[in-house]
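Below: the structure, in C-alpha cells.
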Amino acid sequence: MSNAPEQPTYRYDAQLAGDIELKWQDRWEEDGTFASSNPVGDLASDNRNLGAPMYLMDMFPYPSGKGLHVGHPLGYLATDVYARYQRMLGRNVMHALGYDAFGLPAEQYAVQTGQHPRITTNQNIDNMRRQLRRLGLGHDPRRSFATTDPEFVKWTQWIFAKIFDAWYDADAAKARPISELIEQFETGARDTGRGAWAELSPREREEVLQDYRLAYVSESPVNWCPGLGTVLANEEVTAEGRSERGNFPVYTRKLKQWNMRITAYADRLDADLGTVEWPEAVKHMQRNWIGKSVGALVRFTGHSVPQLEVYTTRADTLFGATFAVLSPEHPLVDEFVTATWPEDVNPAWTQGAATPAEAVAEYQRAAAAKTPAERQEDKNKTGVFTGSYVKNPATGHNMPVFVADYVLMGYGTGAVMGVPAEDSRDWDFAKAFGLPYIRTVEPPADHDEDQPYLGEGRKINSANEHIDVNDVDVDQAKNRVVQWLAEQGLAQQTTQYRLRDWLFSRQRYWGEPFPIVYDEEGTPHLVPEDQLPVDLPELEDFSPKTFEPDDVDSEPEPPLGRNHDWVSVELDLGDGLKTYTRETNTMPNWAGSSWYQLRYADPHNSNALVDPENEKYWLGPRDDKKPGGADLYIGGVEHAVLHLLYARFWHKVLYDLGYISSFEPFYKLINQGYIQAYAFTDARGVYVPANEVEEKENGTFWYQGEQVTREYGKMGKSLKNMVTPDEMYEEYGADTFRVYEMSMGPLEVSRAWETRAVVGAQRFLQRVWRLVVDEDSGELKVTGQPADEETLRVLHSTIAGVRDDMDNFRFNTVVAKLIVLTNHLTKVGVSPRDVIEPLVVMLAPLAPHIAEELWSKLGHDDTITYAPFPEVDERYLVEETVTCVVQVKGKVRDRLEVSPDISDEELEKLALASKGAQRSLDGAEVRKVIVRAPKLVNIVPM
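Straight run, no breaks: the sequence shown in UniProt numbering ends on number 942.
The structure is reproduced here in C-alpha cells:
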C-alpha cells in the first residue's frame, strides 16, 4: 500500500485545468464571446454597442504539416493578452486569424504524394486551428479565412486588375485609373512617343500603356532558378546568390514576366515610414532596401554610339574616370559592339575572339552562368572590350567601353564610369586590363600608392579650362560639376533607388491564377470582373519542370500550361466571341498577405473588397494614428522587408484609387523574439532527441550511454529539440503554458525555453486557486470582510503597475506583479472579496480559463471577458512617510520621517532644526542649503 499522501479532490492540476479549459472554450464558442461588431453589413447585428475600435493583428501564419511548437504561439499569445485587456477597457476589439495557405510546401508535398495541395492545406489548417483553439485564443471565428478560399482569391485577382488598370501620375504623386491616361493620349495632352493615339493599332496602344501600367509584362533580367523551375524576386535570393527555399543557385536571365511597378512608390514608401510606430531597426531595414540616394545622371557621348547614361553619387570624381563598363544585360550592349576590333586594340581586351560581337556574346553566356553574388565577390575581374569609346567631358579623353559582370542591372542604369583611384572594384578591373588611374582625392602621406583611396581628402587633379573644383569640399564640388555638365545637356541631378520593380510571376501551380488572357497578337487583357475568380484547373502533375541546378539555358515551363482545355478559352471582351490564351504563371505567395488586413474588416462582403464604412471604422486615420491602419501588428522580424513592403505598396495603390481611407496598413508594429532551446549532437555531429538527454551532476550530458555536446539555437524539428503545445496542455494545462511564455522575458527579446521551469507558472496559478477555492471541499474561501490598509496598498500598487505594463506590452512584469500580490494574500492568510476579484480580473488576460472559472465561483453569471479592468485608488498609492537624509558637509548627520509631498521650505526648516544638524553645526553659520524634497537635505556651513 502506498504511503504517498492523497491529493486533495479540488487541487488545480493538469487534469482539472484541462477540464476547465475545454469547458470555457466551448462556452466562448457557443456564446460568440469574442465577436466584434462592424458598423454595417452582416457583422453589424451584434447586440453589443459599438465602442472605440481596437484592431489587433497577428502576422499571417502558414499552416505547416509539422504543426506548432511552443515557439510559434508567442506572438499570438501577446496579441491575445493585449486584446483581452483592451476589451476590459471597453474597446470594441477585432482580433481574428486567417491562413496564408498558398505556397511551395503544400505543392512540394503534392508533387511527392500526388495528393491535391488543397487537401493537404485544409488538413494543416484544421490541425493548426485545433492547436490554437486549445490555447484559448480569443479570435472572432466569423472573420477567419484562408487565402485559398475562392472568395478571397476573387478579391486578390480584383486588386491585381485594379493595379493593372492603373498608372502612377508623377505630377500628382498618386496612382490614377488608366482610362485617365488614355484620355490624355486621345486629346494630345500627353505624347505617346509613337505618334497620334488614333493612328496606333490596338497592340501598339497596349505597348504604350505597358510603359505606364502598375502591373506590366516585360522581358527583363530576372532571377532564374533551374533547380526550382521558377523565377524568384530579388528578396527571395540570399546574399550568396542562392534560393531561400532549397538553396539552389540562381542565375540572371532575360525572360518575359509580370512585374509590379513598386519603384513608382519608392519615395512615398521611404517618407511614410516617419508616420508609423515601428521599431527603428525595421524602418532602417526598409530604408536600406529602398536605397534612396541623391546623385546625378551623367551622359557620355561618342562616335557612332548611343548616349551612355551613368548614375553616380560622386560626380566630383568625373576627372578620374578613365573607362566605362556596361552590365552584360544592358539593353544597349549590341549598339556599342563594333564590327571589327580597332587596329591598336590591347589583346587582353579581346578574350582572343575574332570580333567584338563574338567576344561579347561568349562573355554574356559566361556571365549568365554566374550568380549575382559570384559576380560581385570575385576579386579577379573579367570583361571584354566592345570596340567603342565615349568621351570624358571633363578631361577630353576617350574612354574604352567594356562589358563586365561586376556591374549589375539591379542598381543605377546598369552602367558605370570607371574611377579606379577611388573605387576598389574599378581599381581591380583597371589593373586586370592595364587601364590608367587618376586620383581626384589626395590620400594621406602613408597611403599605399598601389591601392585605391576610399576615404575623405583634398580634391586634386580636378580642373580644366572651364571648371576648377580643386581644394573645394565634396558637396560643393558635386554641385559645381553637375551644374557645369547640365549646361551642356550632359547631366541632371536625380534621386535613385536600390529598390527594383517587384517580380510577380511564378512558374507554380499552387498560387492565384492571373485574371489575364492574351489575344492572337500576345496582347494581355483582363478577364471580365463578373467572371472572377479564375479558379485553378485540375492537374495530375502539379510540379513545374525543374532542371539540373547549373542548366542556365533552361526555360520555365509552368504546370498550368499542361491543361490545354483550361488554357484556351472563348470570351467576348467587347468585340465579339474570340479565342484567348490564359496566363499560365501564378501569383507569388505574397499576393494574399499584401491585403488581408482589409478583409478581416469585412470578410463576407461579396460586393466589395471592404465596405468603406467598415474600413474607415477599423483602419481609418485618427488623431492618434494619422496614416490609419491596424492599431497593432505583431510578428517576426524576418518579414521586415518582403511582406511589409509589398503590403504597404498594395495598400497605397488602393488608397490612391479611392477604395480605402488609410494610406498605411499597419500603424504600430512589434517584432516578438524567438523561443530558443538547447539541442544536442553526438560524436558524429548528428542531433539526438533533446528530451531524452540526461544531465549528470558534473555538468556533462548523456544520451543512451554516450556523452553528447550541448548547443543553443532556435527551436525546431531539425534540431530535435521541439516541444509542442500539445505536450504542455497535457502536462500542465494551457493557462500555465500561457503564463510561462509571457513571463519568460520582454516580448521583443528572444528567450530560452526550459520545460522544467514551467512548473513555476503552475504553482503561481495553484496559489491563486487556493485563495478562492478550498482544495479539500471545493467551497469558496472568499470573505466579505474588507481588506486591511496594507493589503489595499499592495492591491492598488499592483493595479497601477499592471495597467502601465499592459499599456506598454511588458507582460513579463505583469506576471511578476501579480505574483507579489498573490504572495501577500497567501502570507496574510485571508481572501477578501474586494482584493480577490480585482486579482482575478487582472489575471484573466494571461490565464483566461482559470479566471473565468474563479469568476463564476465568485457568483458572476457573465463572462469575465468584458469585466471592467480594476481602477487605481490614488489614496493607497501615497506612502505614509518617506525617510529624508540630512547631510552636513556631505556627511549624514540625521534621518527624518516626513510626508512624501512635503514642501522644500518646510523640509529645510525641519532639517535645520534636527538634533543631528544642530550638533554638527555647533553654532556655525549656514552658507547654503540644498533641498531635494522629500529625500535629501544637504547643509553647507560657512
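All C-beta atoms in this analysis are idealised placements derived from N, C-alpha and C, irrespective of residue type, glycine included.
The structure displayed is predicted, hence computed values, not measured ones.
When P39, L228, V222 and L232 are compared, the shortest CA-CA separation from H330 is found for V222. Pairing T322 with L503 gives a Cβ-Cβ distance that is not under 8 Å. A straight-line Cα-Cα distance of about 45 Å links K935 and P627. A Cβ-Cβ distance of about 5 Å is found for the pair L56 and A83, placing them in contact under the 8 Å criterion. Within the region 124–186, the beta strand (DSSP E) runs of at least 3 residues that lie entirely inside it are, in chain order, 166–169 and 174–177. K827 counts as exposed, since fewer than 16 other beta carbons sit within 10 angstroms of its beta carbon. Here I670 is not near L74, since their CB atoms are 8 Å or more apart. F542 places its beta carbon less than 8 Å from that of Y509. Residue pairing by DSSP places Q257 opposite S218 in a beta bridge.
The C-alpha of T252 is placed about 7 Å away from the C-alpha of P372.
Pairing E853 with K23, the inter-Cα distance amounts to about 9 Å. Between the alpha carbons of V40 and N614 lies a distance of about 7 Å. Distance between I262 and F809, taken at the CA atoms: about 34 Å. In the DSSP assignment, G522 falls outside any alpha helix (DSSP H) and carries neither an H nor an E. Uninterrupted alpha helix (DSSP H) stretches at least 4 residues long and entirely within the region 812–858 occur at 833–843 and 848–857, given in chain order. Annotation: A110 is outside any beta strand (DSSP E); the continuous alpha helix (DSSP H) that includes it extends over L104 to T113.
Pairing R91 with G51, the inter-Cα distance amounts to about 5 Å. If only complete runs of 4 or more residues are kept, the region 6–78 shows the alpha helix (DSSP H) at 14–31, in order along the chain. One alpha carbon belongs to Q707, the other to V70, and they sit about 27 Å apart. In terms of Cβ geometry, E422 and P444 do not form a close pair [threshold 8 Å]. DSSP, read as helix, strand or coil, puts S424 in helix. Contact between Q286 and A640 is confirmed by a C-beta separation of about 7 Å, below the 8 Å threshold.
For a cut-off of 8 Å, the C-beta gap from D805 to T798 is around 10 Å, too long to register as a contact.
Looking at the DSSP output, D894 bridges to V886. If you compare the alpha carbons of D58, V416, R87 and N823 with that of T865, the shortest gap goes to R87. It is roughly 16 Å from the alpha-carbon of Q376 to the alpha-carbon of A430.
The beta carbons of I836 and V772 sit closer together than 8 Å. Of the residues assessed, I119 falls on the exposed side of the cut-off, its CB having fewer than 16 other CB atoms within 10 angstroms.
A Cβ-Cβ distance of about 17 Å is found for the pair A787 and L780, leaving them out of contact under the 8 Å criterion. Around the C-beta of M942, fewer than 16 other C-beta atoms lie within 10 Å, and the residue is accordingly described as exposed. If you look at T798, you'll find it isn't in any beta strand (DSSP E); it sits in the alpha helix (DSSP H) that goes E789 to D807. With respect to V653, I163 sits close: the two C-beta atoms are nearer than 8 Å. For G592, the enclosing alpha helix (DSSP H) starts and ends at W590 to S593. T586 is classed as buried because its beta carbon has at least 16 other beta carbons within 10 Å across all chains shown.
Around the beta carbon of Q7, a 10 Å sphere encloses fewer than 16 other beta carbons of the protein chains shown; the residue is thus reported as exposed. Here DSSP, grouped into helix, strand and coil, assigns K625 to strand.
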